[in-house]
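In the UniProt record's numbering, the protein residues as written are 1 to 112. Cβ coordinates follow ideal geometry from the N, Cα and C atoms, glycine included. Single-structure report; data block below.
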């Protein structure tokens, strides 16, 4: 599989504190930011810190999805179709800012 770039997404309830931690304490260089998302250089990948806007207040810390491995690929639809044809549940979404396909590996690890 060909990757354009890979990254790690951290979903956090403490967005501002986490951004401050990664920028000011760990000294990571900021690539870009928006209101609820900040992306840092992180070696050969990127670290995206994102406000967890899907948290419903019901899940405990161990039940909440806190991290996602990101794979930027040239053709998201092709990857989504391949996963679906292998009986993997995919949440395929087209947005004005881009296309994503959310899925989990056999152990439940989250990919986007």
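Rounded separation between residue i and residue j - CA only
| i | j | result |
| --- | --- | --- |
| residue 40 | residue 26 | 11 Å |
| residue 43 | residue 70 | 15 Å |
| residue 197 | residue 49 | Because the chain in this structure spans residues 1 to 112, residue 197 falls outside the shown range and cannot be described. |
| residue 36 | residue 30 | 14 Å |
| residue 84 | residue 90 | 7 Å |
| residue 93 | residue 23 | 30 Å |
| residue 2 | residue 74 | 7 Å |
| residue 46 | residue 28 | 10 Å |
| residue 11 | residue 110 | 11 Å |
| residue 38 | residue 108 | 25 Å |
| residue 101 | residue 14 | 25 Å |
Helix, strand or coil at residue i [DSSP, three-state]
| i | result |
| --- | --- |
| residue 4 | coil |
| residue 81 | helix |
| residue 9 | strand |
Residue burial classification, residue i (beta-carbon count within 10 angstroms, cutoff 16)
| i | result |
| --- | --- |
| residue 9 | buried |
| residue 6 | exposed |
| residue 80 | buried |
N-terminal and C-terminal residue of the beta strand (DSSP E) that residue i is part of
| i | result |
| --- | --- |
| residue 91 | 91-95 |
| residue 114 | Not covered by the structure: residue 114. The range shown for the chain is 1 to 112. |
heavy atom of the ligand COA below 7 Å from residue i C-beta
| i | result |
| --- | --- |
| residue 93 | This structure simply doesn't include the ligand COA, nor any ligand for that matter. |
| message | Ignoring anything shorter than 4 residues, give me the alpha helix (DSSP H) runs that lie fully in the region 11-78, in order along the chain. | response | 15-20
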